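> The structure's right below; bear with me while I get my questions together.
There are 2 protein chains.
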Amino acid sequence: MTTQDKTRPRSGRRRRAADQDGAALAEETRGNILDEATKAFVAHGFEGASINEIAAATATSKRMIYYHFGSKQGLYTAVLEAAYERVGAQKIGTKQTSPTAMGALRAYAEDAFQKFHANEDFVRLVMAENLNKGATMRNSEGVRQRSAGNLSRLEEICKAGIAEGSMRDDFRILDLYFAVIGVAFHAVSNRISTGISLDMDLGAPDEIAFRQRLVGDVACRYAAKTEVGD
Amino acid sequence: MTTQDKTRPRSGRRRRAADQDGAALAEETRGNILDEATKAFVAHGFEGASINEIAAATATSKRMIYYHFGSKQGLYTAVLEAAYERVGAQKIGTKQTSPTAMGALRAYAEDAFQKFHANEDFVRLVMAENLNKGATMRNSEGVRQRSAGNLSRLEEICKAGIAEGSMRDDFRILDLYFAVIGVAFHAVSNRISTGISLDMDLGAPDEIAFRQRLVGDVACRYAAKTEVGD
DNA sequence: GATTTTATGTACCATGTGGTTCATTTCTGT
DNA sequence: ACAGAAATGAACCACATGGTACATAAAATC
Numbered sequence: 012m013t014t015q016d017k018t019r020p021r022s023g024r025r026r027r028a029a030d031q032d033g034a035a036l037a038e039e040t041r042g043n044i045l046d047e048a049t050k051a052f053v054a055h056g057f058e059g060a061s062i063n064e065i066a067a068a069t070a071t072s073k074r075m076i077y078y079h080f081g082s083k084q085g086l087y088t089a090v091l092e093a094a095y096e097r098v099g100a101q102k103i104g105t106k107q108t109s110p111t112a113m114g115a116l117r118a119y120a121e122d123a124f125q126k127f128h129a130n131e132d133f134v135r136l137v138m139a140e141n142l143n144k145g146a147t148m149r150n151s152e153g154v155r156q157r158s159a160g161n162l163s164r165l166e167e168i169c170k171a172g173i174a175e176g177s178m179r180d181d182f183r184i185l186d187l188y189f190a191v192i193g194v195a196f197h198a199v200s201n202r203i204s205t206g207i208s209l210d211m212d213l214g215a216p217d218e219i220a221f222r223q224r225l226v227g228d229v230a231c232r233y234a235a236k237t238e239v240g241d
Numbered sequence: 012m013t014t015q016d017k018t019r020p021r022s023g024r025r026r027r028a029a030d031q032d033g034a035a036l037a038e039e040t041r042g043n044i045l046d047e048a049t050k051a052f053v054a055h056g057f058e059g060a061s062i063n064e065i066a067a068a069t070a071t072s073k074r075m076i077y078y079h080f081g082s083k084q085g086l087y088t089a090v091l092e093a094a095y096e097r098v099g100a101q102k103i104g105t106k107q108t109s110p111t112a113m114g115a116l117r118a119y120a121e122d123a124f125q126k127f128h129a130n131e132d133f134v135r136l137v138m139a140e141n142l143n144k145g146a147t148m149r150n151s152e153g154v155r156q157r158s159a160g161n162l163s164r165l166e167e168i169c170k171a172g173i174a175e176g177s178m179r180d181d182f183r184i185l186d187l188y189f190a191v192i193g194v195a196f197h198a199v200s201n202r203i204s205t206g207i208s209l210d211m212d213l214g215a216p217d218e219i220a221f222r223q224r225l226v227g228d229v230a231c232r233y234a235a236k237t238e239v240g241d
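Put into structure tokens, the structure is as follows:
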């Protein structure tokens, strides 16, 4: 029972895409694999996710994963790059404009929170990447240096605020940026553990609203002119 | 070649602990397993870590892991509980005292940062737990509700600050807590991804010092009386 | 000294792992 | 029409996985 007839015809292949199809069938297959792989990596991490299970979840077969992505690492890299393209590239704080710089700063900060909140999968991929010491993103050109745009937008806001006289000028833009993404990211990434520790449901809509407001408050109060005196 | 002689004597067992030994040999074995398992789970997550590899890293055998911990899940639970006992239980902001409430708040916040910074393994376990939706910590009595003490210490500080007149009274203690641990935790948990995105070495000693100061600044400025006007 | 309990090592198992081989079908360019 | 390229399916592989059965040496208890 070890050898079987290998010469019998295999069948069942789907037809290839007709010309008028917007996306080629191959692209459809690729996309389908990428979607399922994203779910799996987000749920189980790189090592925890199983190629067999991912393949079973797709409309196609394991063979196709290796055809299109070469290896598990290749698949993971593609997933990460797609996520960064989808989420990491969208600039924050550029949608609404505010008459005051302080208002723009609040919009920027709350926008950052919204971005993480609305893209929890992305947040989880970033967490997994950090657990994995960034081995993948370090080698992906498409993923590196995605934050420069967000930082320069923040600098723009702060320069305006300083010119306006509403903001102090003795802090690093970078530190304000860290404060904003720190509070915003942590609110999403650690929602579960913090919720368990405090015995609260931090996913409740009003808690989400509180958090969003908090990120704005932290940013504005950090940049505002104040005598703290500690 | 499927069956072998199973009646031949097996040997090589270490001697059990003599009475005067402080710790029994069994405890030593348990501790050794726990140490290596912690390293493995921190590096690869729950599903990614391999029992075989953990066993190989210990001074004993896989058999002992199952003898002492029952299953992979049991081992992971023990690792998590030990980490929370070691780190999660240490109260923050209780070491130094300050004449002013604002000073105490800064000490509290910077202490929180120090705690995460000095216990990166703990931070990584918490991240892994969040990726795993808290499945383990939710069922561990020893891990739940660890933050209550830290919150009440913070409340104490804020009440003093309000009484002193140095702090405003129109904010939730909880929000200040989220701001502090958000910036502090994120500084450690996302050091790698943020560093890659910004092309900086955020592990450099002066960047660590900046971050610690930042956490203190964020806390104090959040609690201080200010007209922000956004 | 005999018995029970604790603690341990070795070999083993069914199943899952990432990855490959071979064969095949459909499309595209000439 | 035909050659080559692109895309796919089924079966297979060596090895790793979490977990267990069996045997046994040392200590504790009686």
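Here the protein sequences come in this chain order: A and B. Residues in the first sequence are numbered consecutively from 12, following the working numbering. Residues in the second sequence are numbered consecutively from 12, following the working numbering. Glycine included, each C-beta is placed from N, C-alpha and C at the ideal position. As the structure is a computational prediction, the values presented were derived from the model and not from experiment.
Using a Cβ-Cβ cut-off of 9 Å, state whether A/T13 counts as contacting chain B.
Only weak support is given to the placement of A/T13: the predicted model assigns it a pLDDT of 32, under 50, and the question is left unresolved by the model.
> Exposed or buried, A/T205, counting other C-beta atoms within 10 Å across all chains shown (16 or more means buried)?
If you draw a 10 Å sphere on the C-beta of A/T205, you find 16 or more other C-beta atoms in it, and that means buried.
> B/I168 versus chain A: which residues are under 7 Å apart at the beta carbon?
The premise fails here: B/I168 is roughly 11 Å from chain A at the closest Cβ pair, so nothing lies under 7 Å.
> Indicate the three-state DSSP secondary structure (helix, strand or coil) for A/R138 in the structure shown.
One point to set straight first is that residue 138 of chain A is Met, not Arg, in the sequence displayed. Looking at A/M138 - three-state DSSP - the assignment turns out to be helix.
> Can at least three beta-carbon pairs, one atom from the segment 212–223 of chain B and one from the segment 195–213 of chain A, be found at a separation below 8 Å?
no
> Threshold first: 3 residues or longer. Then list the beta strand (DSSP E) segments lying entirely within the segment 48–117 of chain A, N to C.
none
> Measuring only the C-alpha atoms, how far is A/R157 from A/V194?
Straight-line Cα distance between these residues: approximately 19 Å.
> Going by the DSSP bridge assignment, what does B/A235 pair with across the sheet?
B/M178
> Below 8 Å, can you find three or more Cβ-Cβ pairs linking the segment 139–148 of chain B to the segment 219–227 of chain B?
no
> I need the straight-line Cα distance from B/Q125 to A/S82, nearest angstrom please.
40 Å
> Would you report the Cα separation of B/L91 and B/E39, rounded to the nearest angstrom?
18 Å
> Hey, how far is the Cα of A/V229 from the Cα of A/A120?
9 Å
> When burial is assigned at 16 or more other CB atoms within 10 Å of the CB, is B/V226 buried or exposed?
buried
> Assuming B/K246 contacts B/N161 (C-beta within less than 8 Å), just tell me the rounded distance between them.
An answer regarding residue 246 of chain B cannot be provided, because it is not within the stretch 12 to 241 covered by chain B.
> Using C-beta distances below 7 Å, list every residue in its chain close to A/Y87, excluding the 5 sequence neighbours before and after it, in chain order.
F52, F57, T147
> Could you give the first and the last residue of the continuous alpha helix (DSSP H) run that contains B/D186?
184–200
> Helix, strand or coil, according to DSSP, for B/T205 in the structure here?
helix
> Since B/M128 and B/V199 should fall inside the 8 Å C-beta cutoff, what is the C-beta to C-beta distance between them, to a whole number of angstroms?
With the sequence shown as reference, residue 128 of chain B is identified as His, and Met is not the correct amino acid for it. That belief holds up - the Cβ atoms of B/H128 and B/V199 are roughly 6 Å apart, short of 8 Å.
> Using a Cβ-Cβ distance under 9 Å, would B/A235 count as near chain A?
yes
> Show which residues of chain B have a CB atom less than 7 Å away from the CB atom of A/D229.
It is Val, not Asp, that sits at residue 229 of chain A in the sequence shown. Here the neighbours are A190, V229, Y233.
> With A/G104 and A/D122 assumed to form a contact (beta carbons below 8 Å), what rounded beta-carbon distance in angstroms separates them?
5 Å
> Which residues in chain B have a C-beta closer than 8 Å to the C-beta of A/Q8? List them in chain order.
No statement about residue 8 of chain A is possible, as the shown extent of chain A runs from 12 to 241 and does not include it.
> Along the chain, where does the alpha helix (DSSP H) that runs through B/T147 open and close?
Where B/T147 is concerned, there is no enclosing alpha helix (DSSP H), given that its DSSP letter is neither H nor E.
> Which residue's Cα is closest to the Cα of A/V154: A/E96, A/A112, A/I44, A/R135?
A/E96
> For B/Q156, which of helix, strand or coil comes out of DSSP?
In the three-state reduction of the DSSP assignment, B/Q156 falls in the coil class, being assigned neither a helical nor a strand state.
> Please confirm if B/T205 has its CB atom under 9 Å from at least one CB of chain A.
yes
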